[in-house]
Amino acid sequence: MKKVFLLVGHSGSGKTEIAKWFADNGYDVLQSYTTRPQRYENEYGHLFCSVEEYDQFKANGEIVAYSLFDGNHYFSTKEQLYETDCYVVDPDGINDLKSKIKDIEFVTIYIQVDEDERVNRMLARGDSEEKVNGRLIVDALKFIDLTFDYAVSNKDLNKTLSVIKYIVDVELEDKK
2 MKKVFLLVGH SGSGKTEIAK WFADNGYDVL QSYTTRPQRY ENEYGHLFCS VEEYDQFKAN
62 GEIVAYSLFD GNHYFSTKEQ LYETDCYVVD PDGINDLKSK IKDIEFVTIY IQVDEDERVN
122 RMLARGDSEE KVNGRLIVDA LKFIDLTFDY AVSNKDLNKT LSVIKYIVDV ELEDKK
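Numbered according to this note's numbering, the sequence shown spans residues 2 to 177.
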């Protein structure tokens, strides 16, 4: 059975940086769709679409891993999912995936970072204090009942990536 690694963590936990490691090491990383505006040119991790394009995907029944945040739609398509190895997703998306897709084994890796560090990271990427506070509140609610296969601390990215590599190697060895 195909395995897909799901990276999940509070805003500012470093999920995108870890996804870049997957891409740099030959894994296919799903770029999810969103209707939110780009934060900066060539932003990694999303394909930006209009609300009309979202409506078309929805009408065609193609959407999986749906999540609504700050009035913006986030989602992937079934086709994308079957072509990927790694996906950055939130708890709503995980629940949606697990309820809709039964022929893929999802390995959920929760990325842990303390709140002060996450706040600093969000401010450094240009989020306003108001937006940061909103994200903290939403995350606190979304992550209440999260279950995952692995939890990895992300205080030091190099150490985190070593642990992630070990998890991937062990999980893919089980597949053989």
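For each residue, glycine too, the CB sits at the ideal point set by N, CA and C.
State the CB to CB distance for the pair residue i and residue j, rounded to an integer number of angstroms; the pair is presumed to be in contact (CB under 8 Å).
i: residue 123; j: residue 133; result: 5 Å
i: residue 89; j: residue 46; result: 6 Å
i: residue 55; j: residue 36; result: 5 Å
i: residue 107; j: residue 30; result: Wrong, their Cβ atoms sit about 15 Å apart, outside the cutoff.
i: residue 22; j: residue 173; result: With 8 Å as the limit, residue 22 and residue 173 do not qualify as a contact, their Cβ atoms being about 15 Å apart.
Buried or exposed for residue i, please, with buried defined as at least 16 other CB atoms from any protein chain shown within 10 angstroms of its CB.
i: residue 155; result: buried
i: residue 16; result: buried
i: residue 9; result: buried
i: residue 140; result: buried
i: residue 34; result: buried
i: residue 129; result: exposed
i: residue 119; result: buried
Can you give me the Cβ contacts of residue i inside the same chain, cut-off strictly under 6 Å, excluding the 5 residues immediately before and after it?
i: residue 151; result: 110, 168
i: residue 182; result: No answer is possible for residue 182: the residues shown for the chain start at 2 and end at 177.
What does a CB cutoff of less than 7 Å around residue i pick up in its chain, not counting 5 residues either side in sequence?
i: residue 84; result: 29
With a CB to CB cut of under 8 Å and the five nearest residues on each side skipped, what residues in its chain are close to residue i?
i: residue 91; result: 9, 68, 70, 75, 143
i: residue 102; result: 65, 79, 82
Could I get the ranges of all uninterrupted beta strand (DSSP E) runs contained in the segment 60-121, with 3 residues as the minimum, in chain order? 64-70, 73-78, 87-89, 105-113
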